[in-house]
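In terms of the numbering used here, the sequence shown opens at residue 18 and continues consecutively. For glycine and all other residues, C-beta sits at the position ideal for the given N, C-alpha and C. I have placed the structure first, in the form of structure tokens, so that the comments after it can refer back to it.
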Amino acid sequence: MKAELKPLFSNEYMLAFFKKFCDAIKSRTWGFKKAKNVRYDAEDFLRVFFYSEITGKSIGSASERLNRYFLSKKKGKRKIYPDGRKKREIPHQTDVNTFLRLIGLKKARNLLRKCLDYQLKEALYLELISKKVNVLIDFTEHSYYGKRDDKMIKGTNRGKGTKKMRHYLGFSILSRGIHLYAGLEHIAKGQLKVPIIIKFLEHLIELGFELNYVMMDREFYNAELLYEIKGLKGNILMPAKAYKKITKIIEECLNGTGKRVRKYTFLSAPGKEFQFFQNVYLIIKAKKGHTLLSVKRAFQKGKLTLKDARKLIYAIMTTQKPRGQSSSWASRTSRFYKKRWFIETGFRDLNRMGRLWKSKYDNTRYLDMLVRMLLYNSWKINRAYLEKCQKKGYKTQAWTLQDNQDALEEIFLNT
18 MKAELKPLFS NEYMLAFFKK FCDAIKSRTW GFKKAKNVRY DAEDFLRVFF
68 YSEITGKSIG SASERLNRYF LSKKKGKRKI YPDGRKKREI PHQTDVNTFL
118 RLIGLKKARN LLRKCLDYQL KEALYLELIS KKVNVLIDFT EHSYYGKRDD
168 KMIKGTNRGK GTKKMRHYLG FSILSRGIHL YAGLEHIAKG QLKVPIIIKF
218 LEHLIELGFE LNYVMMDREF YNAELLYEIK GLKGNILMPA KAYKKITKII
268 EECLNGTGKR VRKYTFLSAP GKEFQFFQNV YLIIKAKKGH TLLSVKRAFQ
318 KGKLTLKDAR KLIYAIMTTQ KPRGQSSSWA SRTSRFYKKR WFIETGFRDL
368 NRMGRLWKSK YDNTRYLDML VRMLLYNSWK INRAYLEKCQ KKGYKTQAWT
418 LQDNQDALEE IFLNT
């Protein structure tokens, strides 16, 4: 091992999420009772599952590789049963899959909350993140190739070779430049998102965190959601939809009769049982490759039509009051919104950790997503921990996702 990596491998938290995951299953989250004549414990099945996730291999491949590894460490001849089967040290893939299916979706959610909470507290204890965090929220889709047609399976036109998918609502936090996943919900057809989001934010507050920005995309455009988040002392940061009033404000800005930052009252849609409203501030922003000033000048000189100019301009909405000089605050705030893409790139990192599962069971697919999130957080925490332990004047040691996976595999096999 290189000298720069010593702080990481001496870190007692390196595989703590695996131990926490096993303890949560074996204890009060799910009681696994071992039969008298059964060789394997719950941890034996989970060992294969985790090794599969770390290496990006299938359950079957992981089971055989682990079995060969532990047999090579064992002395003596391998026992052969009367039917010709050879004694194994590691459970077979069918036994592992059967075990995983016993963990229901509801219990898998409890596992997720327990394990991710542990990682967040770990990062806070190591002073890698602060108590005040930004929360990123977004959806992710995963194609489904089975024959089911129920509320947990939705339709999609973006899947390859299928028109069905599972819909997940993901939560992550951003603090001191570190992005960590904090939650995941499998969303059913017709399920309301606002109560789920508010419940998650309340849980973060119960853990001792404070909300700074809650950053979302346009698909979460909802007055009730903004009202509830403001009540939790958080500030929304999201793009505004191009409704008539928003479009009018953008046109006034282009004409020079309106300011770059405008106050706006966001109301619930008419006809709803409960009406919500929230005062927000609109920041007029030019799209990438353009500046607001250049677009305004081109429009006012007749080089751009109103329709073309509008295509280059959009509005970002926030509940935070402007601080200091209006123009500089608007620039800082709109630039900070770009950090919402951390959750998008994070989902891509989860997908490139290995083969995508095509399981017909919601709980096993959810467990797969859970462990990938734990591994992703492990990478981010370990990388930040390495940087923190680097001596001044020394070149920073690069620590990639693959480096983290390789290190975990080495330690995992020797644990």
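With a cut-off of 8 Å on the beta carbons, I'd call residue i and residue j a contact; round off their distance for me.
i, j, result
"residue 357", "residue 232", "4 Å"
"residue 341", "residue 74", "So it is not a contact: roughly 53 Å between Cβ atoms."
"residue 339", "residue 393", "That pair is no contact at about 35 Å."
"residue 347", "residue 277", "6 Å"
"residue 440", "residue 252", "The structure shown does not extend to residue 440, since the chain is modelled only from 18 through 432, so no value can be given for it."
"residue 152", "residue 218", "7 Å"
"residue 407", "residue 71", "Residue 407 to residue 71, Cβ: 25 Å. No contact."
"residue 91", "residue 97", "Rounded, the Cβ-Cβ distance is 15 Å, inconsistent with contact."
"residue 367", "residue 389", "4 Å"
"residue 158", "residue 175", "7 Å"
Under a three-way DSSP split, which group does residue i fall into?
i, result
"residue 44", "coil"
"residue 85", "helix"
"residue 292", "coil"
"residue 415", "coil"
"residue 140", "helix"
"residue 18", "Confidence at residue 18 is low in this model, with a pLDDT of 46, below 50, so its placement is unreliable and no value can be given for it."
"residue 36", "helix"
"residue 185", "strand"
"residue 204", "strand"
"residue 69", "helix"
"residue 4", "Residue 4 cannot be examined here, being either before or after the span of the chain that is shown, 18 to 432."
"residue 227", "strand"
"residue 77", "helix"
"residue 218", "helix"
"residue 302", "strand"
"residue 324", "helix"
"residue 171", "strand"
"residue 63", "helix"
"residue 191", "strand"
"residue 425", "helix"
"residue 107", "coil"
"residue 31", "coil"
"residue 197", "strand"
Identify which residue in the options has its Cα closest to the Cα of residue i.
i, options, result
"residue 378", "173, 279, 349, 165", "165"
"residue 242", "295, 275, 270", "295"
"residue 352", "133, 106, 430, 256", "256"
"residue 426", "65, 293, 374", "65"
"residue 280", "332, 126, 91", "332"
"residue 360", "37, 131, 234", "234"
"residue 461", "337, 40, 71", "The chain is shown from 18 up to 432; residue 461 falls before or after that span and cannot be answered."
"residue 260", "238, 402, 214", "238"
"residue 160", "153, 152, 169", "169"
"residue 33", "229, 77, 138, 180", "138"
"residue 171", "199, 147, 207", "207"
"residue 436", "415, 158, 265, 67", "The structure shown has nothing for residue 436, since the chain only spans 18 to 432."
"residue 216", "236, 265, 367, 246", "246"
"residue 324", "334, 265, 422, 284", "265"
"residue 201", "222, 156, 163", "156"
"residue 108", "69, 140, 62", "62"
"residue 240", "287, 72, 203", "287"
"residue 211", "199, 244, 190, 304", "244"
"residue 397", "384, 380, 419, 376", "419"
"residue 385", "163, 369, 400", "369"
"residue 226", "123, 146, 401, 203", "146"
"residue 191", "223, 154, 203, 315", "154"
"residue 258", "402, 221, 167, 335", "335"
"residue 106", "94, 85, 125, 126", "85"
"residue 132", "189, 199, 185", "199"
"residue 437", "38, 44, 89, 77", "Only positions 18 to 432 of the chain appear in this structure, which leaves residue 437 out of reach."
"residue 301", "349, 400, 320, 291", "349"
Report task. Tell me, please, whether the region 184-197 touches the region 103-117 by the rule of three or more beta-carbon pairs shorter than 8 Å. Result -> no
Query raised in the report: In chain order, which continuous runs of the beta strand (DSSP E) of length 3 or greater are located wholly inside the region 233-289?
Result: 252-256, 278-284
Query - Given 8 Å, three or more beta-carbon pairs between the region 298-312 and the region 260-272 - result: yes
**Report entry** Whole alpha helix (DSSP H) elements within the region 329-406, 4-residue minimum
**Finding:** 343-354, 358-368, 379-406
Requested in this report: Entirely within the region 112-169 and at least 4 residues each: give me those alpha helix (DSSP H) ranges in chain order.
Outcome: 122-142
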